[in-house]
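Heads up: the structure comes next, in structure tokens.
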Amino acid sequence: MAEIKTEYYKQNAVKAIGDPILQNALSNVQNRLGPATALCYQKLAEGPDLRLKAHKIREFAVNNLDILLPVLAQKIRDRGGKVFFARNAEAATAYCLEVARENRIKMVVKGKSMVTEEIGLNQVLEANGIEVNETDLGEYIIQLAGESPSHIIAPAIHKTRKEIGRLFTEKLGIPYSEDPPVLTQAARKFLREKFLKAGMGLSGCNMACAETGHITTVSNEGNIRMSTTLPKIHMAFMGMERVTARLEDHDVLFRLLSRGAAAQNMAGYVSYIGGPRTPDQLDGPDQFHLVILDNGRSRILADPEFREALFCIRCAACLNVCPAYGKIGGHSYGYPYSGPIGAVITPLLTGINRAKDLFLGEPLCGACKKACPVDIDLPRMLLALRAKAAYGDHQWAVTRVNPREKFLFEIFSILIRNRKLYDLAMKAGVFFQKWLPRKQGMISHIPFVFKGWTQSRDIKPLARTNFLTLWKNRNQKS
1081 MAEIKTEYYK
1091 QNAVKAIGDP
1101 ILQNALSNVQ
1111 NRLGPATALC
1121 YQKLAEGPDL
1131 RLKAHKIREF
1141 AVNNLDILLP
1151 VLAQKIRDRG
1161 GKVFFARNAE
1171 AATAYCLEVA
1181 RENRIKMVVK
1191 GKSMVTEEIG
1201 LNQVLEANGI
1211 EVNETDLGEY
1221 IIQLAGESPS
1231 HIIAPAIHKT
1241 RKEIGRLFTE
1251 KLGIPYSEDP
1261 PVLTQAARKF
1271 LREKFLKAGM
1281 GLSGCNMACA
1291 ETGHITTVSN
1301 EGNIRMSTTL
1311 PKIHMAFMGM
1321 ERVTARLEDH
1331 DVLFRLLSRG
1341 AAAQNMAGYV
1351 SYIGGPRTPD
1361 QLDGPDQFHL
1371 VILDNGRSRI
1381 LADPEFREAL
1391 FCIRCAACLN
1401 VCPAYGKIGG
1411 HSYGYPYSGP
1421 IGAVITPLLT
1431 GINRAKDLFL
1441 GEPLCGACKK
1451 ACPVDIDLPR
1461 MLLALRAKAA
1471 YGDHQWAVTR
1481 VNPREKFLFE
1491 IFSILIRNRK
1501 LYDLAMKAGV
1511 FFQKWLPRKQ
1521 GMISHIPFVF
1531 KGWTQSRDIK
1541 PLARTNFLTL
1551 WKNRNQKS
């Protein structure tokens, strides 16, 4: 399973905010993709109705996984494919390793897959002597750098051309260049040799269709198609929620997936895969394996409050508009899934207490819901997670918030409901704040339980006269 570093969210965020190169990269992505995606939605002939339709399609599929997944599996098996239902990350990686050993695989090529990031597949294979080659250009770059993806769709957005140029010179031995076509050509030349030598190709699954019994992969580079057809064995990994009932539903989602992910009408390469090649086919793998992963999804499915999180089609549109992600980037989240969807999914998969900083760090502005192609109400679920962190939840093993903090909020609740008490408290605050340290007129430190308010920012002092008093005085003068 992927290493969980959610407890370092705050430290990572502070570091990211202070990195001018990262800030420039994040700003460029959000300024370009956020508005472009919104424009793509506006151009849809069906208008907002298509996103509402997509929401209902995902809702139906997720509510009927017990029917759709067996149908999908049986149709793939009927065509000679093998389907393995993995309860957790360990079972999924063990199955892949077993197939690799049985077929004496020494090298694999791999298309982009967030599920394999989630289960830590690369690390398991490499620990057992199997060479893994990422073939998506962004994934390839961060693999050479020894890093993890910083974005669900664009894993290397935090890298500059200069950094990539130096990396390729160091790792590939090519002359230094910052020119993207030159760098791309170098990666292409290196990876072509790997495609031809690999005994197994690994991929994710953007969506599966129960009616037809196929999985679909999408890319703009053509690497997934080569990873799934050139090697003798193709193994695909999918989260158990990534299935639709009908081909008609499947096509609706793909119209929106391309728009949400890259502001495109359709991706460059879309492949339907339903099993190994047949005797009359000239290309394709001799073996096809589909690993359907649970790894905590059943628990999410069982909770009506969070089931909607499984509607996600991993387009990353929410990342491209989120103010928090736009400042701290993907690595701050400490798990493969970042942004608003990561702030919901990651705590549910890894532990709400452990990952509470993720959902506490989201601004609840609603931009993510507006950008989501399947209209997922992420703000609602972020609030629900905050409620569980505040009050505890036995089902999710959430420990109640610090009783002292809860007591202070109860006091505050009393104050804001009683005008006289509130005014008295504000006068006390104005009196005592004169002893607090200041920097350029701003309060730089508040002690005791309030110190968190000034750990990363200075705050404005309380006004000596509140607005209501000023308003009354103005009315009296007029």
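Whatever position you read off the sequence shown (first residue = 1), add 1080 for our numbering. All C-beta atoms in this analysis are idealised placements derived from N, C-alpha and C, irrespective of residue type, glycine included.
Residue range L1458 to Y1471 is occupied by the alpha helix (DSSP H) that includes L1462.
One alpha carbon belongs to R1157, the other to V1298, and they sit about 23 angstroms apart. In the same chain as L1149, and ignoring 5 residues on each side of it, the C-beta atoms closer than 7 angstroms to its own belong to M1320, V1323 and I1372, in chain order.
A contact is defined here as three or more CB-CB pairs under 8 angstroms, and the region 1223–1238 fails this definition with respect to the region 1275–1284. Rounded to the nearest angstrom, the Cβ distance from D1455 to H1238 is 29 angstroms, too far for a contact under 8 angstroms. Rounded to whole angstroms, the separation of the alpha carbons of G1245 and Q1223 is 15 angstroms. At the C-beta level, R1241 and P1260 come within 8 angstroms of one another.
Separation of F1334 and F1547 (C-alpha to C-alpha, rounded to the nearest whole angstrom) is 52 angstroms.
In the three-state DSSP reduction, C1395 falls in the coil class, being neither helix nor strand.
Looking at the DSSP output, M1187 sits in a beta bridge with E1211. For V1371, the uninterrupted beta strand (DSSP E) run begins and ends at Q1367 to L1373, by DSSP. Scanning its chain for C-beta atoms nearer than 8 angstroms, with the 5 sequence neighbours on each side dropped, one finds around M1522 the residues D1538, I1539, K1540 and P1541, in chain order. Of the candidates A1508, A1342 and A1464, A1342 places its Cα closest to the Cα of V1401. Per DSSP, the beta bridge partners of S1351 are T1297. Within the model, the alpha-carbon separation for F1530 versus C1395 is close to 39 angstroms. Around the Cβ of A1397, a 10 Å sphere holds 16 or more other Cβ atoms; the residue is buried. The beta-carbon separation of L1370 and I1295, rounded to 7 angstroms, stays under the 8 angstroms limit for a contact. Look at I1523 here: in three-state DSSP terms it is strand. Put simply, the backbone Cα of R1497 is about 16 angstroms away from that of F1487.
In the pairwise beta carbon analysis, the region 1171–1182 is classified as not touching the region 1261–1272: fewer than three pairs are separated by under 8 angstroms.
Residues of the same chain with a CB within less than 7 angstroms of the CB of A1153, apart from the 5 flanking positions on each side, are V1163 in chain order. Cβ-Cβ distances below 7 angstroms link R1138 to F1391 and V1454 in the same chain, with the five nearest sequence neighbours on each side left out; the list follows chain order. Cα atoms of F1140 and A1325: separation of roughly 8 angstroms, rounded to the nearest angstrom. Within the region 1238–1284, the alpha helix (DSSP H) runs of at least 4 residues that lie entirely inside it are, in chain order, 1241–1252 and 1260–1277.
Counting along the chain, V1163 sits inside the beta strand (DSSP E) bounded by residues K1162 to A1166. The region 1119–1134 and the region 1411–1424 do not touch, with fewer than 3 CB-CB distances between them shorter than 8 angstroms.
In this structure, C1289 lies away from H1314, with their beta-carbon atoms at least 8 angstroms apart.
Under the DSSP assignment, A1141 falls in the alpha helix (DSSP H) whose first and last residues are D1129 to N1143. Taking C-beta atoms as the reference points, G1200 and A1169 count as a pair closer than 8 angstroms. Counting other Cβ atoms within 10 Å of its Cβ, H1474 stays below 16 and is therefore classed as exposed.
The residue from R1112, D1437, L1310 and W1476 with its alpha-carbon nearest to that of D1366 is L1310. For T1324, the secondary structure class from DSSP, reduced to helix, strand or coil, is strand.
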